[in-house]
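Everything on this sheet refers to the single structure shown next.
Number of protein chains: 2
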Amino acid sequence: MEQLRETLKGHHLRTTTCREDVLLTFMNKKNALSHGDLEGALGENYDRVTIYRTLKTFLEKGIIHKVLDDEGLRYALCSHQCSEEKHQHDHIHFKCNACGKTNCLENLHIPHVTLPSGYQPESFNLLIQGKCPECLGNN
Amino acid sequence: MEQLRETLKGHHLRTTTCREDVLLTFMNKKNALSHGDLEGALGENYDRVTIYRTLKTFLEKGIIHKVLDDEGLRYALCSHQCSEEKHQHDHIHFKCNACGKTNCLENLHIPHVTLPSGYQPESFNLLIQGKCPECLGNN
DNA sequence: AAAACACTGCAACATCGTTGCAAGTGTTAC
DNA sequence: GTAACACTTGCAACGATGTTGCAGTGTTTT
Chain A
12 MEQLRETLKG HHLRTTTCRE DVLLTFMNKK NALSHGDLEG ALGENYDRVT
62 IYRTLKTFLE KGIIHKVLDD EGLRYALCSH QCSEEKHQHD HIHFKCNACG
112 KTNCLENLHI PHVTLPSGYQ PESFNLLIQG KCPECLGNN
Chain B
12 MEQLRETLKG HHLRTTTCRE DVLLTFMNKK NALSHGDLEG ALGENYDRVT
62 IYRTLKTFLE KGIIHKVLDD EGLRYALCSH QCSEEKHQHD HIHFKCNACG
112 KTNCLENLHI PHVTLPSGYQ PESFNLLIQG KCPECLGNN
């Protein structure tokens with residue numbers, strides 16, 4: 012709980028109950044969350060718009076990042092310390108086609124890809140879809 | 012023009028002017044297109060809903076596939092012959108942050124990634140963002 | 001304590017995508 | 001060619017998603 016406040020303070024944000032709750036939700040559920048997920052979890056306490064704005068603020072400050080799969084947009088906590096100035100997001104995300112959850116695979120990096128000449132890459136994002144260990148275990 | 016009809020026939024679809032026009036638009040513009048792009052190009056001739064349904068049908072039949080970047084959902088022609096039964100889409104997409112266009116890089120494949128044990132991958136999707144040759148040339 | 005600033009909720013709006021239904025069109029069989 | 005059928009389209013309505021302006025409230029700073 013103190014840690015939450017540290018995180019917010021560290022990114023120059025005021026600690027409000029909404030921000031604490033959103034951050035807490037991200038830390039409890041470990042997978043990526045959509046606005047709808049958060050609204051489902053916290054919607055009785057906070058306005059839809061406030062949740063949108065909280066996500067936008069967290070994005071700008073580098074607390075969370077976007078995660079994309081074929082179903083749409085979600086968000087997940089940044090693992091390495093990102094800030095407003097610098098984001099480091101050459102992520103691998105894994106989406107399970109059985110349970111539908113999407114996670115960051117933290118400790119992998121994306122192998123080098125040789126692009127055709129003339130292309131100047133700036134960021135990489137790999138989405139792998141398949142079955143996650145938990146779903147395979149339940150067969 | 013005949014080729015269009017062949018493509019539609021080959022996927023067991025009736026040839027209608029809307030489907031021909033949508034297909035033609037994909038073949039002329041080479042980058043990935045959103046529903047909005049198509050509505051802008053063809054909206055005076057066809058209803059919004061019809062375009063949505065055409066995209067949905069093309070997706071199901073394997074004529075186009077989804078392309079995701081940080082801005083949302085687009086569609087692009089399938090290069091290899093996909094069908095209703097089988098899609099092969101381990102794609103690399105390049106999105107230019109200057110002009111905003113997203114393209115498939117056809118001739119590259121995604122290098123092998125070793126996943127933690129327990130994960131069973133089924134498909135791979137790599138999005139690279141940066142600057143495209145055309146935009147770099149204009150500096 | 002007052003002024004400046006940031007956050008929230010509400011209302012309204014814009015965009016995006018879906019569904020049901022009636023009318024129209026392409027395809028097949030004769 | 002024509003009739004019957006199934007598929008496709010346009011319209012209207014709806015739901016979901018995301019944004020903006022503004023007034024009220026709470027925080028910081030001095």
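From first to last, the protein sequence lines stand for chains A and B.
According to my numbering, the first sequence is numbered sequentially starting from 12.
According to my numbering, the second sequence is numbered sequentially starting from 12.
We put the beta carbon where it would ideally sit given N, CA and C, even for glycine.
Keep in mind that this is a model prediction, so the values were computed, not measured.
Within the same chain, Cβ atoms closer than 6 Å to the Cβ of PHE105/B are found at ASN114, LEU116, ILE139, the five residues on either side in sequence being excluded. Here the region 73-89 of chain A makes contact with the region 30-42 of chain A; the two share three or more CB pairs at distances below 8 Å. Residues CYS29, ARG30, VAL33 of the same chain have their beta carbon placed closer than 7 Å to that of THR65/B, with the five preceding and five following residues left out of the count.
For CYS143/A, the neighbours in chain B by C-beta distance under 9 Å run, in chain order, GLY129, TYR130, GLN131. Here ILE121/B carries a coil assignment [DSSP, helix/strand/coil]. Between the alpha carbons of GLN131/A and GLU13/A lies a gap of roughly 42 Å.
Following the DSSP letters along the chain, one finds LEU116/A in no alpha helix (DSSP H), marked with neither H nor E. Taking a 10 Å sphere around the C-beta of VAL60/A, we find fewer than 16 other C-beta atoms and assign the residue as exposed. Within the region 23-96 of chain A, the runs of alpha helix (DSSP H) that reach at least 4 residues and sit entirely inside it are, in chain order, 28-39, 46-53, 59-72. Using a CB distance cut-off of 8 Å, LEU147/B counts as an interface residue toward chain A. Close partners of SER134/B in chain A (Cβ separation under 8 Å): ILE139, GLN140, GLY141.
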